[in-house]
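Just so you know, we're using the numbering used here here: the sequence shown kicks off at 376 and counts up by one. Quick reminder that beta carbons are idealized off the backbone N, C-alpha and C, glycines included. Since the model is a prediction, treat every value here as computed from it, not as a measurement. Shown next, in structure tokens, is the structure this report addresses.
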Amino acid sequence: MRLVATASAQPGDILGQTIYRDNGTILLHNGVPLTKRLIERLGEQGITYVYIEDERTKDIVIEPVISERLRQDATSSMKRLFGSIQAHKLNKNSSVLDEEGKNLTDIIGRIMAEIDSHDESITLLTDIYLTDDYVFQHSLNVTIYSLAIGAELKLNAKELSELGKGAMLHDIGKVFIDPDIVQKPERLTDEEFAIMKTHTTLGYELLRKNYNYSAVVAHCAYQHHERIDGSGYPRGLKGNEIHLFAQIIGAADVFDAVTSNRVYRKAMLPHEGLELLYSSAINQFDIRIIEAFKNSVAVYPNGISVELNDKRQGVVVHQNKHICDRPVIRILKEEEREVEPYTIDLSKLLNVMITKCNLV
């Protein structure tokens, strides 16, 4: 399979991977020939990338980092939890967190197990899923990224569980914000953004009053928008004043936000998102967290077309776990001429680098 921009897909291309809605139902089956209208509809619904079948890359297998069943279970649990809180938001009754608390712990354990059993570095291309509510999909993605970073930083099982809860609930304060603001597809006005920023304090106040959640989990909601140079909110904390877990979630939060398609902004590719984090690391993020991110998250997804510094072109076919920016590549062209495909491993050829990604 080969990964292409939806806008670059051609009528007659065969869809290589099933496209799901976030409730687990199928939007479009793999093996379906794409038509002009289908391509247009996918673009209209925010599907930025698709996998298509290709003779020279037909053996490339795309393995999701978590199963569709787990993705559906996690999303459903968050919807029930957030919905219950919204139903009681007038008095901010924290007791509605109790029922879903054990289920949340179970889901985080399942996510950790599936990440651990995954043979490759994790890849999440959020825009191959059709989601009806960005908040839930975003919270799940941030949880997966945060747990991967935490594992790379050698956190123990208990710490990872707490980190996972903090990540899953980092945006829970948004249930108290006007849905028209939370779900607004365009950029927020300054006034709307000021209201949106209160979700950190609202989430903290909710979680700190519930005995099922530790102070650390509450502070993940409170501090995930703080930055080590003091430029964040709500308190303008600096450096080690910000809990490590909140710093991890903050980096994962930014990465998922910029690599997700929005009406007012085109999604970045994973390597572009990582470059953004690196450019911010001097002032806003601890470089150790960004390095851990780089070592655990695949920035060049399987199936993406790449160009190397020696002008060879090919497709990423496999990830080297913990060396995520140096995958295995099938070379298809040399000096713009097609060649008999062969494979190179960038983890063993340190003088060869990826210089460009192509979604065509």
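Taking the Cβ atoms as the reference, residue 674 lies roughly 6 angstroms from residue 699, within the contact range of under 8 angstroms. Under the Cβ criterion (8 angstroms, minimum of three pairs), the segment 654 to 667 counts as touching the segment 600 to 618. Secondary structure at residue 390: strand, using DSSP grouped into helix, strand and coil. Take residue 542, set aside five residues on each side of it, and the residues of its chain with a beta-carbon closer than 6 angstroms to its own are 517, 518, 521 and 624, in chain order. Residues of the same chain with a CB within less than 6 angstroms of the CB of residue 539, apart from the 5 flanking positions on each side, are 483, 518 and 522 in chain order. Contact between residue 537 and residue 589 holds, with the beta-carbon distance rounding to 6 angstroms and staying under 8 angstroms. Excluding residues up to 5 positions away in sequence, 673 and 676 lie with their Cβ nearer than 6 angstroms to the Cβ of residue 498 in the same chain. The three-state secondary structure of residue 558, taken from DSSP, is coil. The DSSP assignment places complete beta strand (DSSP E) segments of no fewer than 3 residues inside the segment 619 to 700 at 680 to 683 and 688 to 693, in order along the chain.
Residue environment for residue 627: buried (at least 16 other C-beta atoms within 10 angstroms of its C-beta).
Between the alpha carbons of residue 449 and residue 513 lies a gap of roughly 12 angstroms. Annotation: the segment 506 to 576 contains the following complete segments of the alpha helix (DSSP H) (minimum length 4 residues), in chain order: 509 to 527, 532 to 543, 554 to 557 and 565 to 571. Within the same chain, Cβ atoms closer than 7 angstroms to the Cβ of residue 684 are found at 727, 728 and 730, the five residues on either side in sequence being excluded. In the three-state DSSP reduction, residue 395 falls in the strand class (E or B).
The DSSP-derived three-state label of residue 704 is strand. Residue 402: member of the beta strand (DSSP E) spanning 401 to 403, first to last residue.
A distance below 7 angstroms between beta-carbons, with the five flanking residues on each side excluded, links residue 682 to the following residues of its chain, in chain order: 688, 730, 731 and 733. When only Cα atoms are considered, residue 635 and residue 391 end up about 21 angstroms apart. With 16 or more other Cβ atoms from the protein chains shown falling within 10 Å of its own Cβ, residue 427 counts as buried. For residue 498, there is no enclosing beta strand (DSSP E), as DSSP gives it neither H nor E. Per DSSP, residue 720 is one residue of the beta strand (DSSP E) stretching across 712 to 720. For residue 380, the pairing in a beta bridge is given by DSSP as 424. Per DSSP, the continuous alpha helix (DSSP H) segment holding residue 450 begins and ends at 443 to 462.
If you compare the alpha carbons of 438, 703, 389 and 629 with that of residue 668, the shortest gap goes to 629.
DSSP places residue 731 in the uninterrupted beta strand (DSSP E) bounded by 729 to 733.
Using a C-beta cut-off of 8 angstroms, the segment 401 to 414 makes contact with the segment 380 to 387, since at least three inter-stretch Cβ pairs fall below that distance.
549 is the residue among 380, 549, 611 and 378 whose C-alpha sits nearest the C-alpha of residue 458. Residue 485 and residue 491 have their C-alpha atoms some 10 angstroms from each other. Checking the DSSP bridge columns, you'll see residue 613 partnered with 604.
A Cβ-Cβ contact shorter than 7 angstroms links residue 678 with residue 378. Going by DSSP, residue 417 is part of the alpha helix (DSSP H) stretching over 411 to 419. When DSSP states are grouped into helix, strand and coil, residue 709 belongs to the strand group. The residue from 615, 404 and 560 with its alpha-carbon nearest to that of residue 602 is 615.
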